[in-house]
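So the protein sequences, as listed, match chains P and X. For the first sequence, my numbering begins at 1 and goes up steadily by one. For the second sequence, my numbering begins at 304 and goes up steadily by one.
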Amino acid sequence: MIRLSDLKISYRIGNRVIDAVDGVTLTIPDRCIVGIAGESGSGKSTLMKAIYGDIQSPMYLSQGRIDYSLKGADGRPVTSETIRREWFRSLSYIPQSSMNSLNPVIRIREQFIDFPGSDSNKKRVLERARAYIGKLGLPAEAMDSYPHQLSGGMRQRVMIALATFFQPELIIADEPTTALDVVVQKEILLLLMELQEQMGNTILVVSHDMGVHYQVTQKMLIMYAGRVVEYGDTDGIFSDPQHPYTRMLIDSLPTIGDDSLRGVLASTAGAGGDRAFRVEPHLVEVKPGHFVARGEHSAGVAA
Amino acid sequence: MTLILKTEGLNKVYRQGGLVRARQVHALRDVNITVESDRPVVIAVVGESGSGKTTLAKTLLRLETPTSGHAIVYDRVVAGKGATPTRREFLGLVQPIFQNPFEAFSRYRPVDAYLHETARRVAGMDESQAEAAVAHALDSVGLNYGEVRGKYTSQFSGGELQRISVARALIPQPRLIVADEPVSMIDASRRMIIINLFKRLRDEQGRSFLYITHDLATAYYISDFIAVMNKGQVVEFGVAREVMSNPQHAYTRLLLDSIPTTNSRWRPRALAAG
């Protein structure tokens, strides 16, 4: 469980202060895949970095706190202060464009050894790693390759292998499939889902593709302008979206074979795509487990 | 019927590696597409990365010369053997829109300078004509010249910049606009603005588009014809609706099957805890 209490994360740029995450209060339960959606600049990646404990200048925590129910390697509960020691032990991070995050000048097998939480017995690590990448659908030769010799999809599998090798309790995946084409994307997403079921851990997936969220996640968090617009079960969000921004995100996804939408989409996206929304800072529980930011009733659209 | 686009035996072979261990990469393998229609069309080219989509676009834009074969746009041979138009004539016929609008324009020049340059150099207008053409082009993409003038790329959103790219491409009144992944750098919620803009320009201004994308959903939504590419070959080509509703090639079916839709789930999921 991760509890965010009135969390405000800001960036200090020159004399200006920008609140990228602006007062977020919510609880993320254990053992589920939670999707985070919203457009660029809505604070998704900042929130993920904060949860990961990677708060570095010019980014800082200006208000609120994050509580984890994770247990550290030493058996003590993890706090915001000690979380860095748990990186790649009890939590891991698959960064944006992560397939380019592998060290380009060493082989894949060395990346497993040259790794913060790695065992000191290299041989044992390598044996386990070889068996493990096989399970993730990578050929054994991949271990002896350099990153540039692998395709984008294979590199992404290696990143997922590295991030899940230690069976972390929490995995944060920031746009794990953006640079991949649909066929490979499906393979990678199915792999993540299978791993989550086997390990029973929590995965936070950032994506701007609502189709990906529908396929993969159990709960969803919609962000807009640094605030949470809507939070609840994925099925509930798709079947009964409460906030106009959520509705627009869902409607902006064209569907193949559904010709009735062709006309509707043209009108809503053309006129509505550029509009701004007002997001109130406080969430209201409209149904059990389904939260919406709604201040003035139905005043969601601000011109 | 007007011949909008025709490629005949288009091949492109890249050489990779050194002198000794050179390897040949067939980016385009015997690509034959013919699009004839009475009215302007949107032709979508879909396929995974490395399938040759961008090479096809670059060949049609004359940024790459084909190894063999040629391409015809509106009855004129534009690429390959027998390509006649001069550079200026060509740019008045075919115009590009690129993937990343932040890279298409320099950070150190106001964006409207590019529009002016296109008007003067490609369309051969004088200063006052150019001024009017820029204003008109910006107006047709839903932007106001007064709000664009003198501004730099950092002062626009990706969607706005891409609309400016479209406006720039419109200035020489081209018949065909080649758009290589024009929406992949834009927020999902704003993509449809660009897509719908293409549709409007097709219907109201008579521009045809070659829309290169890996997003089958938008391709289905906007295109009249669709070409599915895999490993340099066009594996399936035809009227978009027919191809998408009744795919014949296994690769097209695989592509369609891999789209994350909200209609049905790939696999059942465990219920959310808590």
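We treat Cβ as the ideally placed atom computed from N, Cα and C, and that holds for glycine.
Check, Outcome
"Considering only the alpha carbon of each residue, which of X:P485, X:V376, X:M532 lies closest to S352 of chain X?", "X:M532"
"For the stretch 556-568 of chain X, list every residue whose C-beta sits within 9 Å of some C-beta in chain P, in sequence order.", "L557, L558, L559, D560, S561, I562, P563, T564, T565, N566, R568"
"Just how far apart, CA to CA, sit V125 of chain P and F112 of chain P?", "7 Å"
"So with CB distances below 9 Å, who are the chain X contacts of K186 of chain P?", "D560, S561, I562, P563, W569"
"Exposed or buried, which one is P288 of chain P when buried takes at least 16 other CB atoms within 10 Å?", "exposed"
"Looking at chain P, is there any beta carbon in it that lies within less than 7 Å of the beta carbon of A482 of chain X?", "no"
"Let's see if you can read the secondary structure: which residues bound the beta strand (DSSP E) around S92 of chain P?", "91-94"
"Could you compute how far the alpha carbon of V292 of chain P sits from the alpha carbon of Q242 of chain P?", "7 Å"
"DSSP three-state call for S561 of chain X: helix, strand or coil?", "helix"
"Grouping DSSP H, G and I as helix and E and B as strand, with all else coil, what is P147 of chain P?", "helix"
"Consult DSSP for G53 of chain P and reduce its assignment to one of helix, strand or coil.", "coil"
"When the Cα atoms are used, what is the spatial distance from R412 of chain X to I55 of chain P?", "35 Å"
"For P571 of chain X, is the classification buried or exposed, using 16 other Cβ atoms within 10 angstroms of its Cβ as the cut-off for buried?", "exposed"
"Beta-carbon within less than 7 Å of D174 of chain P's beta-carbon, same chain only, minus the 5 sequence neighbours each way: which residues are those?", "S45, M48, I94, P95, Q96, V206"
"Restricting to Cα atoms, I'd like to know which of P:Y224, P:D240, P:L283 is closest to G38 of chain P.", "P:Y224"
"From V376 of chain X to T177 of chain P, what distance separates their C-alpha atoms?", "36 Å"
"Counting beta carbon pairs with one atom in the stretch 324-335 of chain X and one in the stretch 505-516 of chain X, are three or more of them shorter than 8 Å?", "no"
"Note down, in chain order, each residue of its chain lying with its Cβ closer than 8 Å to the Cβ of T82 of chain P, except the 5 sequence neighbours on either side.", "G72, R76"
"Under 7 Å, do G64 of chain P and L7 of chain P count as touching if we go by C-beta distance?", "yes"
"Please name the residue in P:A276, P:E197, P:H282, P:L138 whose C-alpha comes closest to that of L162 of chain P.", "P:L138"
"Does the contact criterion of 3 or more C-beta pairs under 8 Å hold for the stretch 164-171 of chain P versus the stretch 82-91 of chain P?", "yes"
"Using a 10 Å radius around the Cβ and a threshold of 16 neighbouring Cβ atoms, would you call I489 of chain X buried or exposed?", "buried"
"Return the residue from the list P:R128, P:N100, P:S101 that minimises the CA-CA distance to R109 of chain P.", "P:R128"
"Does the beta carbon of M532 of chain X come closer than 7 Å to any beta carbon on chain P?", "no"
"Within 7 Å (strictly less), CB to CB, does G211 of chain P reach chain X?", "yes"
"Looking at chain X, is there any beta carbon in it that lies within less than 7 Å of the beta carbon of H208 of chain P?", "yes"
"Please compile the residues from chain X whose C-beta is within a distance smaller than 8 Å of the C-beta of E304 of chain P.", "Not covered by the structure: residue 304 of chain P. The range shown for chain P is 1 to 303."
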